[in-house]
Amino acid sequence: MKPIFTLVFAAVFAATTGTAQSVPADADGPPNAAPMAEDELLFLDAREIDVREYVWNHRLVVVMADTPDNPQFGRQLDEIRARAPEFLTRDVVVIFDANPEDASPLRQVLRPNGFMTAIIDKDGEVKARRPAVRSGRELMGVIDKFPLRRQEILERNPAGR
15 MKPIFTLVFA
25 AVFAATTGTA
35 QSVPADADGP
45 PNAAPMAEDE
55 LLFLDAREID
65 VREYVWNHRL
75 VVVMADTPDN
85 PQFGRQLDEI
95 RARAPEFLTR
105 DVVVIFDANP
115 EDASPLRQVL
125 RPNGFMTAII
135 DKDGEVKARR
145 PAVRSGRELM
155 GVIDKFPLRR
165 QEILERNPAG
175 R
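My numbering numbers the first residue of the sequence shown as 15 and each following residue consecutively.
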């Protein structure tokens with residue numbers, strides 16, 4: 015099932031292109047435009063990006079809702095912003111989509127029912143998804159269990175074996 019999902023995921027994004035935007039981790043809402051910086055957690059609109067640009071370089075935390083006014087949507091983004099430096103060390107980029115009418119390619123693949131948070135690892139595979147808000151700590155705990163992340167930790171601290 016997972017290999018087929020990964021192939022479908024890759025096929026859907028084969029035709030998409032877009033631009034990325036960044037926003038400081040302490041911003042109040044979804045970004046309109048801001049310069050890109052290495053020390054800022056990126057919050058990107060799913061309608062304006064090509065996910066293939068992030069495969070093997072970043073983990074994606076995808077936050078989707080039916081409307082930007084959804085309280086879960088705002089709480090989830092706040093949880094992530096509160097721990098922005100820790101997400102940066104895990105190579106995370108946050109992708110949000112609260113506009114189901116535009117049907118971004120990512121929304122077509124993940125097909126959320128209302129609110130959803132998903133984590134896509136560097137290999138492009140959806141590793142976790144949940145229809146409820148996760149704390150920043152919980153998201154990082156899930157990420158830290160991924161095989162690629164565990165390998166990164168061991169490479170940074172070889173004595174930890």
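Note that CB positions come from ideal geometry on N, CA and C, so glycine has one too.
Note that the structure is a prediction, hence the values are computed from the model and not measured.
Quiz prompt | Reference leucine 56; option with closest CA among Leu102, Ala146, Met78, Ala117 | solution = Mapped onto the sequence shown, residue 56 falls at position 42. Checked all of Leu102, Ala146, Met78, Ala117; the closest Cα to leucine 56 is Leu102.
Quiz item: Can you give the Cα-Cα distance for glutamine 165 and isoleucine 63, rounded to whole angstroms?
Solution: Sequence index remark: in the sequence shown, residue 165 carries index 151 (1-based). Sequence index remark: in the sequence shown, residue 63 carries index 49 (1-based). Those two C-alpha atoms are separated by around 28 Å.
Practice problem: State the CB to CB distance for the pair methionine 78 and arginine 148, rounded to an integer number of angstroms; the pair is presumed to be in contact (CB under 8 Å). | Solution: Here residue 78 refers to the residue found at position 64 when the sequence shown is read from its first residue. Here residue 148 refers to the residue found at position 134 when the sequence shown is read from its first residue. So it is not a contact: roughly 13 Å between Cβ atoms.
Practice problem: Check whether the region 108-118 touches the region 137-153, taking contact to mean three or more Cβ pairs, one atom from each stretch, closer than 8 Å. | Solution: no
Practice problem: Apply the 10 Å Cβ neighbour rule to alanine 132 and answer buried if 16 or more other Cβ atoms are within range, or exposed otherwise. | Solution: Position 118 of the sequence shown holds residue 132. Buried, by the Cβ-count rule.
Quiz item: What are the boundary residues of the alpha helix (DSSP H) that includes threonine 103?
Solution: In the sequence shown, residue 103 corresponds to position 89, counting from 1. Segment 98-103, the alpha helix (DSSP H) holding threonine 103.
Practice problem: Assign proline 126 to buried or exposed, taking buried as 16 or more other Cβ atoms, counted over all protein chains shown, within 10 Å of its Cβ. | Solution: Within the sequence shown, residue 126 is the residue found at index 112, counting from 1. Label assigned to proline 126: buried.
Practice problem: Look up isoleucine 216 in the DSSP assignment and give the residues it is bridged to. | Solution: The shown model of the chain, from 15 to 175, leaves out residue 216, and the question about it has no answer.
Quiz item: How long is the line joining the alpha carbons of phenylalanine 160 and aspartate 135, rounded to whole angstroms?
Solution: Locating residue 160 in the sequence shown gives position 146, where the first residue counts as 1. Locating residue 135 in the sequence shown gives position 121, where the first residue counts as 1. Cα-Cα distance, rounded: 8 Å.
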